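The structure appears right after this line, and notes come after that.
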Amino acid sequence: MIFTFDFVILIFMVVAAIIALNVKDLLSASMIFGIYGFLICLLWAEMGAVDVAFTEAAVGAGVSAVLFIATVFNTKRKSSD
Amino acid sequence: MLSKVFATIAVVITGGLLLYGVYDFPSFGDPNSPPNAGVEGGADSVSQYFITQTYNDSKVPNIVTAVLADYRGYDTMFETVVVFAAGIAIFCIMRSLGNANDPAKEKDEMHSFTHGDHNRIIIGTTCRIVVPIVQIFALYVIAHGHYSPGGGFQGGVLLGASFILLALSSDLNAALKRLSEKNYFALAAIGVLIYAGFGLVAQFLGANFLEYGVLQPLLFTDGPEMARSHSMLGVEIGVAFTVMAIMFSIYANLSTRGTLKNGL
């Protein structure tokens, strides 16, 4: 467990989460959510939980981002709030 | 605006309670904490048994897979059922929505632009090269799940993602030609049945549900340990079937509002 590496990933995660919540364009929001999933995956891999990291990389960063984007294309692209 | 204030208050309270709960956690790497017990002079616990005895019990080097598919196999079976139920639920919702309103009505300019553009040679060719590699890697992940990180869920998601990639690169019909709706729901059900079947066969042979050791005469293995190892592989193949089929069905239904026409 490397403290600086953890720290940088956690900072990026918080930034990505805040941006994903605040951005108006839903397509960007789902892309940033994918980035967030990928950062969690990195954190888990770094902590030695490789199986969980693998699942997160496949499900969280890969397929769920695609599912979000597929849904965004069937709605209006901009958020109203 | 008011609802946003209430939502913020609810989030802050929930987050505060969760952070308060963190104080009761053992600190990271504490040898006396339950997850680390027995590592070096710590208290005895169940994880000590898994760390030392998994290989003797089932000849599976990856403890995570052994715990998932064998020691708490009942839990994983119902996780698979949950995935199956989620796929069915999304199918039902999207199908009834798709019949209710015309999908061609509220389409963005952006959407119709990407939809009309089918001459994407670079993307199409790249995806056609990448898809078989993804699928072979997925099969490796499933088959090697009890020796290295991986397993049924990850391999199934990769297999499903390869079909999604095919649908994204050309058209949903190109993917549906290879895996039609009838087939993927059959595969999803077969996956759950494979998993439950291993448990039922063990029960018929006089053991508990999902107690793989007694499957030794059916699997022609050297001992009950290898029978457990092979049963874990079989169970993971079942999980992979279900997850692959459900991932693709969710994508197909979500991207077309349940009509399964055109796609993105």
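Just so you know, the protein sequences line up as chains Y and X, in that order.
Just so you know, we're using our numbering here: the first sequence kicks off at 1 and counts up by one.
Just so you know, we're using our numbering here: the second sequence kicks off at 1 and counts up by one.
Where a beta carbon is used, it is the ideal one built from N, C-alpha and C, also for glycine.
These numbers come from a predicted model, not from an experiment.
Reduced DSSP secondary structure (H/G/I, E/B, other) of residue i
i                 : result
Ser-169 (chain X) : helix
Asp-25 (chain Y)  : strand
Lys-261 (chain X) : coil
Ile-182 (chain X) : In the sequence as presented, Ile is not what sits at residue 182 (chain X); that position holds Lys. Lys-182 (chain X): helix per DSSP, three-state reduction.
Lys-78 (chain Y)  : strand
Ile-121 (chain X) : helix
Phe-209 (chain X) : coil
Phe-50 (chain X)  : helix
Ile-2 (chain Y)   : coil
Lys-59 (chain X)  : coil
Glu-106 (chain X) : Bear in mind that the predicted position of Glu-106 (chain X) carries a pLDDT of just 49, short of 50, making it too unreliable to give a figure here.
Tyr-20 (chain X)  : helix
Arg-128 (chain X) : helix
Ser-27 (chain X)  : coil
Phe-220 (chain X) : coil
Ser-255 (chain X) : helix
Residue i and residue j closer than 8 Å at C-beta
i                 : j                 : result
Tyr-212 (chain X) : Ala-202 (chain X) : yes
Met-31 (chain Y)  : Ala-65 (chain Y)  : yes
Ala-58 (chain Y)  : Gln-135 (chain X) : no
Asn-253 (chain X) : Phe-91 (chain X)  : yes
Val-23 (chain Y)  : Ala-29 (chain Y)  : yes
Val-72 (chain Y)  : Leu-26 (chain Y)  : yes
Gly-124 (chain X) : Ser-162 (chain X) : no
Ile-9 (chain Y)   : Leu-43 (chain Y)  : yes
Val-60 (chain X)  : His-144 (chain X) : no
Phe-5 (chain Y)   : Pro-149 (chain X) : no
Best match in the options for proximity to residue i [C-alpha to C-alpha]
i                 : options                                    : result
Gln-48 (chain X)  : X:Ser-58, X:Ile-63, X:Leu-159              : X:Ile-63
Tyr-251 (chain X) : X:Ala-227, X:Glu-181, X:Pro-224            : X:Glu-181
Val-15 (chain Y)  : Y:Ile-2, Y:Phe-3, Y:Gly-37                 : Y:Gly-37
Ala-69 (chain X)  : X:Ser-231, X:Phe-248, X:Thr-259, X:Met-247 : X:Ser-231
Thr-126 (chain X) : X:Ala-7, X:Leu-166, X:Leu-218, X:Val-82    : X:Leu-166
Asn-173 (chain X) : X:Lys-261, X:Val-131, X:Phe-248, X:Val-12  : X:Lys-261
Ala-86 (chain X)  : X:Val-243, X:Thr-256, X:Thr-259, X:Lys-177 : X:Val-243
Expected contact under 8 Å - CB spacing of residue i and residue j to nearest Å
i                 : j                 : result
Leu-193 (chain X) : Ala-245 (chain X) : Not quite, the Cβ-Cβ distance comes to about 12 Å (not below 8 Å), so this is no contact.
Gly-73 (chain X)  : Leu-159 (chain X) : With 8 Å as the limit, Gly-73 (chain X) and Leu-159 (chain X) do not qualify as a contact, their Cβ atoms being about 22 Å apart.
Proximity test, residue i beta-carbon vs the ligand FAD heavy atom, cut-off 7 Å
i                 : result
Pro-217 (chain X) : Although the ligand FAD was asked about, the structure shown includes no ligands whatsoever.
Entirely enclosed beta strand (DSSP E) segments - the stretch 138 to 162 of chain X, minimum 3 residues: none
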